[in-house]
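> Have a look at this one.
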Amino acid sequence: MTDLQIPAKPRGRWKPYAATLVIVAITAVTLSPQWGIAFGFDAISRNWQNGVGKILEMLSPDFSFFPRTVAPLLETLQMAVIATLVGSLLGLPLSMWAARPTNPNSVTRTLVRTALNIVRSVPDLLYAAVLVAMVGVGALPGILALVMFNLGTIVKLVSESIEANDTGLLEAGSAAGGTRAQINRALALPEVAPAFINQTLYVFELNVRASTVLGLVGAGGLGLLIDAVRTFYRYDQLSLIILEILILVLLLDKFSDVIRRRLV
Amino acid sequence: MAPATTAVPPAPPGTPFAIRMREVTVRYPNGVVALDRISLDIEAGEMVSVVGLSGSGKSSLIRTINALVPVTSGELEVGGHRIDGARGRELRAVRGQIGMIFQGFNLAKRTTVLNNVLVGRLSHAPWWRTMLGAYTAADRRLAFEALDRVEILPKAYQRAADLSGGQAQRVAIARALTQEPRLVLADEPVASLDPPTAHAVMGDLRRINQDLGITVLTNLHLLDLARRYGTRLIGLRAGRIVYDGDAASADDAVFEEIYGRSIGAQDVLEK
Chain D
1100 MTDLQIPAKP RGRWKPYAAT LVIVAITAVT LSPQWGIAFG FDAISRNWQN GVGKILEMLS
1160 PDFSFFPRTV APLLETLQMA VIATLVGSLL GLPLSMWAAR PTNPNSVTRT LVRTALNIVR
1220 SVPDLLYAAV LVAMVGVGAL PGILALVMFN LGTIVKLVSE SIEANDTGLL EAGSAAGGTR
1280 AQINRALALP EVAPAFINQT LYVFELNVRA STVLGLVGAG GLGLLIDAVR TFYRYDQLSL
1340 IILEILILVL LLDKFSDVIR RRLV
Chain A
38 MAPATTAVPP APPGTPFAIR MREVTVRYPN GVVALDRISL DIEAGEMVSV VGLSGSGKSS
98 LIRTINALVP VTSGELEVGG HRIDGARGRE LRAVRGQIGM IFQGFNLAKR TTVLNNVLVG
158 RLSHAPWWRT MLGAYTAADR RLAFEALDRV EILPKAYQRA ADLSGGQAQR VAIARALTQE
218 PRLVLADEPV ASLDPPTAHA VMGDLRRINQ DLGITVLTNL HLLDLARRYG TRLIGLRAGR
278 IVYDGDAASA DDAVFEEIYG RSIGAQDVLE K
């Protein structure tokens, strides 16, 4: 047997230790009395009984309340459908503008990306609050808020998927004398379609969930009802609404699963 | 753009393109000189093999002709159209008449063979039709005819992902033919195919040249294919032409001159 020529150990083995140290340091600072957030566990012992009462009430949902939840539930679903449709249709071309292979022009690409980073950094509840002030209470501000929220999500995820795809084929479109729009339509679109449909379904699920909350600031849907029953401490009615949302979300999850499986 | 000073008037409709290069230099942004003052005339209807080691500039030469790679300096005319400095609509119109075949096929795998072949009509069909995917019966007819010519018509409605390598390259050839091209460029078209398929694809390219009279330029790194399927052979080394002559009479000594080393088994398809 000859002597093995074992290669020298690669450098940089200290990195995991350094990372651990940084994480520990950040945690320590966060918990410290001077710089960190102030909280104590004693609050739990003082208040837990309040919560138990509410939970007990919620364990017996008031099913007689069901008829009054139907219309808001449908409104929530309708808001989600419209917002998903508008958001995804606007998001598709914007995704192509935001991805390098489908938009080699760095000026417009950076412009679209920056604009959508700003759009994405604003929480949906804030959109809803501002839009309720602008266009009034109802489903419209909710839908608009969801569209903004959808644009941010879809463009981010779909443009990243475009950049991850093989982009050599787009060159075939250039060689055939196509314009950028033609090449994106004929070659990039079929390749990105599964990712796009996937993200659209995902956003639809998020929309159903989000549109229940948006009502809290007056933007239509189940949230308005949630706000109303909560104000009157009707936790039995609240739990029925939560149960309905749970079933709706489970059904949607099943539905999008079926579609996804047919995509690949 | 100012009217280009053309040495040759634009080729009349339907006739194959000739290529004229004068002192063409291509320098990439990273400083690499891929083509070094190349002057070259290719007549309409020729079948040319371009050989050279990887990095010799043969891929750059082919890609310069349809401006996928921009000319740094020098003059380039294809079919009487000035290519160096051409942009936008003018460039797309010329590209629309130049078919291109790639080593990696470059098909949209998730759509049908027919949709891939119709990409060849992008620069010919009205913009709105290409965006809606509503091609005319005449355009679809061209696509079907092209598929028939490479004997793959029955696959028209299959997804491109389900094709073998040889079938995919034939679809790519059909896409180029659907352009009704006057020049076909092939960049290592058989480098990822097995020997029998490689011969079939090279045979298709030869028939395009002989039956349709289209000028064909093919990059190859395998000497026997270059000799057998080209009528003219151009050898590149370090961005310069080191051989230009009859393909059939190019012997191993010629290839050793082009490659700058002795010829081995890896340089031929058939052992």
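Read top to bottom, the protein sequences are chains D and A. So for the first sequence, my numbering puts the first residue at 1100; every next one is plus one. So for the second sequence, my numbering puts the first residue at 38; every next one is plus one. Ideal placement from N, C-alpha and C gives every residue a C-beta, glycine not left out.
Could you check the C-alpha separation between A:Thr234 and A:Ala197 for me, to the nearest Å?
Their Cα atoms are separated by approximately 17 angstroms.
> In chain A, what lies closer than 9 angstroms to D:Glu1290 by C-beta?
Ordered by position in chain A, the residues that pass the 9 angstroms Cβ test against D:Glu1290 are Ala145, Lys146, Arg147 and Thr148.
> Label A:Ile120 either buried or exposed according to how many other C-beta atoms from any shown protein chain fall within 10 Å of its C-beta, with 16 as the threshold for buried.
With 16 or more Cβ atoms within 10 Å of its Cβ, A:Ile120 is classed as buried.
> Whose C-beta lies closer than 6 angstroms to the C-beta of D:Phe1248 among residues of the same chain, with five residues either side of it excluded?
Asp1223.
> Output needed in chain order: residues of the region 1258 to 1290 of chain D with a Cβ under 9 angstroms from some Cβ in chain A.
Going along the region 1258 to 1290 of chain D in chain order, one finds Asp1265, Gly1267, Leu1268, Leu1269, Glu1270, Ala1271, Gly1272, Ser1273, Ala1274, Ala1275, Gly1276, Gly1277, Thr1278, Ala1280, Gln1281, Ile1282, Arg1284, Ala1285, Leu1286, Ala1287, Leu1288, Pro1289 and Glu1290 with a Cβ nearer than 9 angstroms to chain A.
> Report, in whole angstroms, the separation of the C-beta atoms of A:Phe181 and A:Leu190, which I expect to be a contact under 8 angstroms.
A:Phe181 to A:Leu190, Cβ: 6 angstroms. Contact.
> Would you please verify whether the beta carbon of D:Asp1356 is less than 8 angstroms from any beta carbon of chain A?
It does not: the Cβ of D:Asp1356 has no partner Cβ on chain A nearer than 8 angstroms.
> Helix, strand or coil for D:Asn1204, going by three-state DSSP, please let me know.
In the structure shown, D:Asn1204 sits in coil (DSSP, three-state: anything other than H, G, I, E or B).
> In whole angstroms, give me the CA-to-CA distance for D:Leu1158 and A:Ala171.
Rounded to whole angstroms, D:Leu1158 to A:Ala171 spans 58 angstroms at the Cα level.
> Under the criterion of a Cβ to heavy atom distance below 7 angstroms, does A:Thr268 qualify as lining the ligand PLP?
The model on display carries no ligand, and the ligand PLP is accordingly not part of it.
> For D:Leu1300, which of D:Pro1192, D:Arg1279, D:Pro1166 and D:Ile1253 has the nearest alpha-carbon?
Checked all of D:Pro1192, D:Arg1279, D:Pro1166 and D:Ile1253; the closest Cα to D:Leu1300 is D:Ile1253.
> Please check if any C-beta of chain D sits within less than 8 angstroms of the C-beta of A:Asn256.
No, A:Asn256 does not count as interfacial toward chain D.
> Let me make sure I understand the geometry here. Which of D:Thr1129, D:Arg1360 and D:Val1206 has the alpha-carbon closest to that of D:Ile1296?
It is D:Arg1360.
> Assign A:Asn152 to one of three DSSP states: helix, strand, or coil.
It is helical.
> Which residues in the same chain as A:Leu72 place their Cβ atom closer than 7 angstroms to its Cβ, once the five residues preceding and following it in sequence are excluded?
Same-chain partners within the cutoff: Val61, Thr62, Val63, Gly94, Ser97, Leu98, Thr101 and Gly276.
> Specify whether the region 220 to 228 of chain A and the region 1332 to 1352 of chain D touch according to this definition: at least 3 beta carbon pairs, one from each stretch, less than 8 angstroms apart.
The region 220 to 228 of chain A, when compared against the region 1332 to 1352 of chain D, does not touch it at the 8 angstroms Cβ threshold.
> If you check the beta carbons only, do A:Met309 and A:Val253 fall under 8 angstroms apart?
Given a span of 38 to 308 for chain A in the structure shown, any question on residue 309 of chain A remains unanswerable.
> So that I know if they touch, is there some Cβ in chain D lying closer than 8 angstroms to that of A:Gln216?
Closer than 8 angstroms to some Cβ of chain D, the Cβ of A:Gln216 qualifies, so yes.
> Is it true that the region 250 to 266 of chain A meets the region 197 to 209 of chain A, where meeting means three or more beta-carbon pairs spaced less than 8 angstroms apart?
No contact exists between the region 250 to 266 of chain A and the region 197 to 209 of chain A.
> Flag this pair as touching only if the region 1189 to 1209 of chain D and the region 1308 to 1321 of chain D have three or more C-beta atom pairs under 8 angstroms; answer yes or no.
No, the region 1189 to 1209 of chain D does not touch the region 1308 to 1321 of chain D.
> My understanding is that D:Leu1193 touches D:Leu1215, with C-beta atoms under 8 angstroms, so please give their C-beta distance in whole angstroms.
Contact holds; Cβ gap of about 7 angstroms.
> Does any residue of chain D have a CB that is nearer than 8 angstroms to the CB of A:Pro53?
It does not: the Cβ of A:Pro53 has no partner Cβ on chain D nearer than 8 angstroms.
> Since D:Ile1346 is in the alpha helix (DSSP H), which residue starts that stretch and which ends it?
First-last of the alpha helix (DSSP H) with D:Ile1346: Tyr1334 to Leu1362.
> Verify the CB distance criterion: does D:Ile1344 have a CB-CB separation below 8 angstroms to chain A?
By this cut-off, D:Ile1344 is not an interface position.
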